[in-house]
Amino acid sequence: MPFRPRYTGLIENYRDRLPVSDDTRLISLGEGNTPLLKLENIPGLIGKNVDLYIKYEGLNPTGSFKDRGMTMAVTKAVEAGSKAIICASTGNTSAAAAAYAARAGITAFVLIPDGKIALGKLAQAMMHGATVIQIKGNFDEGMQLVKDVAKEAPVTIVNSINPYRLQGQKTAAFEIVEELGEAPDYHCLPVGNAGNITAHWIGYSEYACKAGDKVTESCAYCDGDCKFAKGVVGSKRPKMVGYQAAGSAPFMRGGMVDDPETVATAIRIGHPQSWEKAWIVKEESGGWFDECTDDAILAAQKLLAEKEGIFCEPASAASLAGALNDIATGKIPEGSTVVCTLTGHGLKDPDVAIQQSTAPMVTVDATLGAVREAILNNMAK
Ligand SMILES: *Cc1c(COP(=O)(O)O)cnc(C)c1O
């Protein structure tokens, strides 16, 4: 007899809140149930009294939150008899699609922007046996091609325009509410296609609403009869705050951006697929969008790595970079509980990490004297 039930992934864990039936074959790699870590050093360093948590989504099986959506999307694709899935990707969606397709025994096609994908993500897609199609264009162009080709070929799109993706991703909000006992005051996320910020809002709303008892008159996801609205906690929902990279910030420009550019390749997206939904999330939650420079993003990534021991990829650090700025200005007031989602693991993008690393790397002779000297020289840091 096991001492405790084996954790078998988020669909099994939230079966009654997800669109699956008892007969559905679940395609899972044990995703979800990621740590909600309280930052212990950074609030003191910035001299602000905030309860600052990070939701470490980089600890999902393929190293990003995309696994939450992919377990649902691939489960439903297989249930519908699909033999192949396809996505456009800045990297993490392709890694997740490739892995879950392998698990399911179906084919994955992934379209990625030529030369603009982090090394770890490319390695994953290739290793899991996906057909990798590099296009001489960016994510937005890839997304359009995927939509067009899916009209002709028997493939299921597993980008976040697939509604099952958001259903899986909403479970991150459930986990946060369960562990904090209520929703946080603010939830900060990096925004690319804006699927994840939308999914979180669905999750928070479902945990706050009871069927027939709408939390707000304007709840876009509940007509008062949502079958998943079971009202677990009080009616509190967080303000949702979305941060974009300054060179790739359509939500700040108020319209699509044709040549997005940022070191944070996972959010190098100029034509967000969940554009309208994300504006509704902002309105309903009383949150906002803002942008971060690449320098601020990289500085937050480094701060987190050096001061908290947490390694995330550049795009993920946009949530913390933005939150730290809003905490510093008081837009997020002291006394608040803030959750920042760290969307992907730092190992995804080793090149950017090594390029910006200032940690001393010294090469010395293999002698006791040389090593002793290297230690003494670097002791005072
Ligand atoms: C996909 C992704 C994002 C953006 O999420 P959206 O749902 O497209 O807004 C942010 N960070 C990482 C690491 C990602 O993989």
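Numbering (my numbering), first residue to last: 100 to 480.
Note that beta-carbon positions come from the ideal geometry of N, C-alpha and C, so glycine has one too.
### Query
Taking just the CA atoms, how far does V470 sit from K154?
39 Å
### Query
Taking 7 Å as the line, does the beta carbon of I366 fall inside it for any heavy atom of ligand 1?
yes
### Message
For L423 and A399, which I take to be in contact (beta-carbon distance under 8 Å), what is that distance rounded to the nearest angstrom?
### Response
6 Å
### Task
Assess, as a yes-or-no matter, whether the stretch 261-281 is touched by the stretch 415-435 under the definition of 3 or more beta carbon pairs within less than 8 Å.
no
### Query
Are at least three pairs of beta-carbons, each pair with one atom in the stretch 173-186 and one in the stretch 425-442, less than 8 Å apart?
no
### Residue burial classification, E383 (beta-carbon count within 10 angstroms, cutoff 16)
buried
### Alpha-carbon spacing of H227 relative to I145, whole angstroms
42 Å
### Message
Looking only at its chain, what residues have a beta carbon closer than 6 Å to the beta carbon of M242, apart from the 5 residues adjacent to it on each side?
### Response
A187
### Query
Going by Cα to Cα distance, which pick from L221, R124, T457 is closest to A179?
R124
### Task
Compute the distance between the beta-carbons of S193 and I205, then report whether it is under 8 Å.
no
### Task
State buried or exposed for V461, treating a residue as buried only when at least 16 other CB atoms are found within 10 Å of its CB.
exposed
### Message
Quick check on DSSP: helix, strand or coil for Y306?
### Response
helix
### Simplified DSSP assignment, three categories, for G468
helix
### Task
Identify every residue that forms a DSSP beta bridge with T440.
K154
### Query
With DSSP run on the structure shown, which of helix, strand or coil describes D115?
helix
### Query
Helix, strand or coil: how does DSSP classify A229 here?
coil
### Query
Rounded to whole angstroms, how far is the Cβ of Y263 from the Cβ of M171, which I believe are closer than 8 Å?
4 Å
### Task
Taking only the alpha-carbon atoms, compute the straight-line gap between A197 and V209 and give it to the nearest angstrom.
8 Å
### Message
Assuming K335 and A298 are in contact, meaning their beta carbons sit under 8 Å apart, how far apart are those beta carbons, in whole angstroms?
### Response
Contact doesn't hold; Cβ gap of about 19 Å is too wide.
### Query
Thinking C-beta only, is P371 closer than 8 Å to N292?
yes
### Query
Using the rule of at least 16 other Cβ atoms within 10 Å of the residue's Cβ for burial, across every protein chain shown, is V149 buried or exposed?
buried
### Query
In whole angstroms, what separates the C-alpha of V257 from that of A344?
24 Å
### Query
Three-state secondary structure (DSSP) at K137?
strand
### Message
For G354, would you say it is in contact with chain C, using Cβ-to-Cβ distances shorter than 8 Å as the test?
### Response
No chain C is part of this structure, which consists of one protein chain only.
### Query
Any idea if L117 is buried or exposed, counting beta-carbon neighbours within 10 angstroms, 16 or more meaning buried?
buried
### Task
Kindly indicate the opening and closing residues of the beta strand (DSSP E) around A293.
Run containing A293: none; DSSP gives neither H nor E here.
### Query
Going by Cα to Cα distance, which pick from E433, N477, Q455, N132 is closest to E278?
N132
#### Entry: alpha helix (DSSP H) segment containing M242, residue limits
238-249
### Query
Of the residues S259, A395, I232, S120, which one's Cα is nearest the Cα of F164?
S259
### Message
Let me check you understand the geometry: is the CB of T442 closer than 7 Å to at least one non-hydrogen atom of ligand 1?
### Response
yes
### Of the residues K406, A473, H444, L475, the one placed nearest R137, counting alpha carbons only
The sequence shown places Lys at residue 137, not Arg. Among K406, A473, H444, L475, the Cα nearest to that of K137 belongs to K406.
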